[in-house]
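See structure below.
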Amino acid sequence: MRRTGSIAIALLALGCGDDDTSPRQDAGADAALGDDGGRDGGLDGGDTDELLVQTAEGPVRGVASGEDTRAFLGIPYAAPPVGELRWKAARPVTSWDEPLDASEIGAPCPQLDFFGWSYLEESSEDCLTLNVWAPRRADAAPVMLFIHGGGFNMGTAGEPVFDGQHLSESGGVVVVTINYRLGALGFLAQEAIDDDEDGAAGAHGFADQQAALDWVARNAEAFGGDPGNVTIFGESAGAISVWLHLVAPDSQGKFHRALMESGVFPSAMRTIEGARLRGDAVTQGVGCSDEADVAACMRGMSAQELVEAPVNLGLEGLVESFVWLPAVGGAVLPEQPAAVIDDGRAAPVPVLIGTNRNEGALNIRLGYSGITPEEYEALAEEMLGPENAARLLEAYPPDGDDTEAVLAEALGDYSFVCPTRRLVRALETTSPARFLYSFERPVELEGFPGLGAFHAAELIFVFGNDALDGMVTLKAEDLPLSEAMQGYWTRFAAAGDPNGADAVQWPAYEQASDEHLVLDLDIVAGSGHKAELCDLWDTIPF
0 MRRTGSIAIA LLALGCGDDD TSPRQDAGAD AALGDDGGRD GGLDGGDTDE LLVQTAEGPV
60 RGVASGEDTR AFLGIPYAAP PVGELRWKAA RPVTSWDEPL DASEIGAPCP QLDFFGWSYL
120 EESSEDCLTL NVWAPRRADA APVMLFIHGG GFNMGTAGEP VFDGQHLSES GGVVVVTINY
180 RLGALGFLAQ EAIDDDEDGA AGAHGFADQQ AALDWVARNA EAFGGDPGNV TIFGESAGAI
240 SVWLHLVAPD SQGKFHRALM ESGVFPSAMR TIEGARLRGD AVTQGVGCSD EADVAACMRG
300 MSAQELVEAP VNLGLEGLVE SFVWLPAVGG AVLPEQPAAV IDDGRAAPVP VLIGTNRNEG
360 ALNIRLGYSG ITPEEYEALA EEMLGPENAA RLLEAYPPDG DDTEAVLAEA LGDYSFVCPT
420 RRLVRALETT SPARFLYSFE RPVELEGFPG LGAFHAAELI FVFGNDALDG MVTLKAEDLP
480 LSEAMQGYWT RFAAAGDPNG ADAVQWPAYE QASDEHLVLD LDIVAGSGHK AELCDLWDTI
540 PF
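Numbered according to numbering that gives the first Met the number 0, the sequence shown spans residues 0 to 541.
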C-alpha cells in the first residue's frame, strides 16, 4: 500500500497548462484563444466594434473566439490584494479610460505545485481577474459564472479545460470564469491580521467570489447578459463554494440558479477558531510569531513563502484533511451551512446537482494503490471505530483481487455521492426545483488506466475541451454526450429546468424515488441511486 495523502478528499483540478499590477492597456492585437479541444473554430477578426465593450470600470477590448463568440480575458474585478490589502476583503478596482487589452488570461493566484504542474512561477497576487465568453449578438442572455475547484488550495480560471467558447455557443449563454485567492492568502485567519471591519477573516477567497458576483451584476448587460438571470456553477471546491453561496448573506439575490458538480461538504465547516490555529501555524512556520508587529511581518513575506509554509497540526478528521477551507463564524459566513439549510433559510433557487460514478478512484489510486484486504480493514477501523467499521465492511466487503476498487467506491460514496443526496433532500423546503444526476461515462486519464468516471471527469463534457495537456481527451464518440450535457446545463441556466423538446426527460427530484438522470453514452432516467449504501452513510457520523 502506498499512502501519499488523505483519503478523505480528492483535489484533482483538471487542466494546466504578465505579472502586472495595473490594467493592461490595449496593444491593438487580437490573440487566439489556445487549444480548440478538437472541434472546429478559431480566431475570426469580425467586427472590431463588437469587441470593444464599456464596463462600469472602463472600456475593454476582447478577441473573437470561433465564428459567433467574443472572449474578454483577464479583466480585473477587484483591486490587487497586495501590500496592506493582503488579507483584506476585495476592494474596488481603480477605473480606467483607455481600452483595456482583454486578449490574454490573467495570472493564476499563488499556489503549490500539483500533479507535476507548477503555477508558482507564473502566478501573482494580482490575480483577481475573470474571463467572459459572450455570443456576438447576445441580448439578455443567461449568465453562467463558473467557480473552479482544487481544494481551495490550487487551480485557476485560466486552465484550458475552462475555455467557455463551446459552452457559450451551445446555449447562447454568457460564460464567466473567475480567479479567487487560494491557500493561506485566501483562507488564513490570525488575530494580529484579521480585520474586524470587513469580517472576512478565514474567508477572503470566498469573499472574492462575492466580489465577482457584484461585478456580474454591474456589467453583465454590457456583454449582452441578463443580470437578473445568473447561474453559479462549480466543481469540487467550486461546488462547495456554490453550496456556501446558498447560505451566505451577501450572496443572496445575486444569483438565480445553483449548479453543483461533485462537491458537497459532508461535515461541519471549519470555524474561525479552527482557522486561527492554522493561521498561528503559518505565522510560526514563516518566522513571524515572535515579531513585535506580526501583521507587518506577515505582509512582508513573499507569496511563495506563505503558500509553502508547513501547516501540520496533527489533527484528525474530514475537516482537517482540507488544509484550507472558508471559515464559518465571521460576517461573510456567520453560520454553519447545514444549520441554515435545515432551518429553511437557503436561497430559494432551482438546484441541479450530481456526482460521478467513480468519485474516489483517482484519490485511492494515488494514495492506496495495491491495498490489501487486511490493510483495508485496519484503515476502516482507524477512521470509523470498530462498530461502524464492521458495518462498512459488510456493505463494502474487501475483495482480494481488487480491494482498491472497493475502497474507492466507499470513499466516493462517503465524500460525494451520499452527502449530495442528503443536500438535495434538505433543499426540499427552499428550492422550487431540484435535479439530480450521476455521470457514468468512463474517461481515460493517461497513465492511470481503469479509473472510470473519476472525480472531475465530467468537466471535459461540460466545457467541450480536452484537459491536463491532452492526458484527458474528448473523443469523437463522446461529442453527443458533451452536446447533450451542455444542452441540459444551459437550459437549466436559462429557465431553471434542464429539459428540452429533443432531450431525454430529466425527472425532477423526489425523495420517495430518488429519481435522477444517468449521464452516459446512453442517457436514461434512474431511481434509487445507491439508496441502501447512502442510508448506511446517513447513520455514520462524519
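Where a beta carbon is used, it is the ideal one built from N, C-alpha and C, also for glycine.
- request: Would you decide whether LYS474 is buried or exposed? Buried here means 16 or more other CB atoms lie within 10 Å of its CB.
  value: exposed
Three CB pairs or more closer than 8 Å across the stretch 322-339 and the stretch 227-243: yes
- prompt: Cβ of GLY527 within 7 Å of Cβ of ASP537?
  reply: no
task: Give the DSSP-derived three-state secondary structure of ARG69 in the structure shown.
output: strand
field: the stretch 347-357 / the stretch 450-457 touching (three or more Cβ pairs under 8 Å)
entry: yes
query: Closest by CA to VAL310, which one among ILE104, GLU482, THR282 and ILE74?
result: THR282
field: Buried/exposed call for ARG23, threshold 16 Cβ in 10 Å
entry: Residue placement at ARG23 is poorly supported in this model, since its pLDDT is 36, which falls under 50; the coordinates still yield a value, given next. When all chains shown are included, ARG23 counts as buried.
query: Can you list, in chain order, the residues of its chain whose CB lies under 7 Å from that of GLU168, leaving out five sequence neighbours each side?
result: GLY65, ASP67 and THR68
- prompt: Which of the three DSSP states, helix, strand or coil, is assigned to SER544?
  reply: With the chain running from 0 to 541 in the structure shown, residue 544 is simply not present.
message: In the DSSP output, what is LEU351 paired with across the bridge?
response: LEU258 and PHE434
- prompt: Should THR428 go down as buried or exposed, given a rule of 16 or more other Cβ atoms within 10 Å for buried?
  reply: exposed
message: Residues in the same chain with beta-carbon distance under 8 Å from ALA524, minus the five sequence neighbours each way, listed in chain order, please.
response: VAL503, GLN504, TRP505, PRO506, GLU514, HIS515, LEU516 and VAL517
task: Quick one: give me the first and last residue of the beta strand (DSSP E) that LEU129 is part of.
output: 128-134
message: In chain order, what are the residue ranges of uninterrupted alpha helix (DSSP H) at least 4 long that sit wholly in the stretch 218-245?
response: 236-244
query: What are the complete beta strand (DSSP E) segments, minimum 3 residues, inside the stretch 473-529?
result: 515-518 and 523-525
- prompt: Quick one: what does DSSP say MET382 is sitting in, helix, strand or coil?
  reply: The answer is helix: DSSP assigns MET382 an H, G or I state.
- prompt: Which residues in the same chain have their Cβ closer than 6 Å to the Cβ of GLY552, if we skip the five residues on either side of it in sequence?
  reply: With the chain covering 0 to 541 only, the question about residue 552 has no answer from this structure.
- prompt: How many angstroms separate the CA atom of ARG38 from the CA atom of GLU103?
  reply: Annotation note: pLDDT 35 at ARG38 (below 50); position unreliable, coordinate value reported separately. A straight-line Cα-Cα distance of about 21 Å links ARG38 and GLU103.
message: Give the list of continuous beta strand (DSSP E) stretches no shorter than 3 residues that lie fully inside the stretch 138-221.
response: 140-146 and 173-177
task: Classify THR402 as helix, strand or coil using the three-state DSSP reduction.
output: helix
task: Below 8 Å CB to CB, which residues in the same chain sit around ARG364 once its five sequence neighbours on both sides are set aside?
output: GLU403, ALA407, PHE447 and LEU450
- request: Could you tell me whether the Cβ atoms of HIS147 and ALA156 are closer together than 7 Å?
  value: yes
Residues near MET470 by beta carbon distance below 8 Å, same chain, minus five either side: Answer for MET470: LEU444, GLU445 and GLY446, listed in chain order.
query: I think ALA200 touches ALA188, with their Cβ atoms under 8 Å apart; what is that distance to the nearest whole Å?
result: 4 Å
Inter-residue Cα distance where the pair is ASP292 and VAL306: 21 Å
query: Taking Cβ positions, are VAL331 and GLY198 nearer each other than 7 Å?
result: Taking the C-beta atoms as reference points, GLY198 is found nearer than 7 Å to VAL331.
- request: Classify GLN251 as helix, strand or coil using the three-state DSSP reduction.
  value: coil
- prompt: What's the gap between the Cα of PRO134 and the Cα of PHE186?
  reply: 35 Å
- prompt: Can you give the beta carbon distance from LEU111 to PRO75, rounded, assuming they're within the 8 Å contact cut?
  reply: About 24 Å separates the two Cβ atoms, so there is no contact after all.
message: Helix, strand or coil for ILE340? Go by DSSP, reduced to three states.
response: helix
query: In three-state terms, what does DSSP make of ASP100?
result: DSSP, reduced to helix, strand and coil, places ASP100 within a strand of the structure shown.
- request: Along the alpha helix (DSSP H) that carries LEU51, what are the first and last residues, could you check?
  value: Element bounds for LEU51: not the alpha helix (DSSP H) but the beta strand (DSSP E), 51-53.
field: Best match in GLU476, GLU304, GLU121 and GLU531 for proximity to ALA183 [C-alpha to C-alpha]
entry: Minimum Cα distance to ALA183 is reached at GLU304.
Three-state class that DSSP yields for LEU276 in the structure shown: helix
query: Around the Cβ of SER301, are there at least 16 other Cβ atoms within 10 angstroms (buried) or fewer (exposed)?
result: exposed
field: Reference ASP341, options ASP465, SER430, HIS255 and ASP519, closest by Cα
entry: SER430
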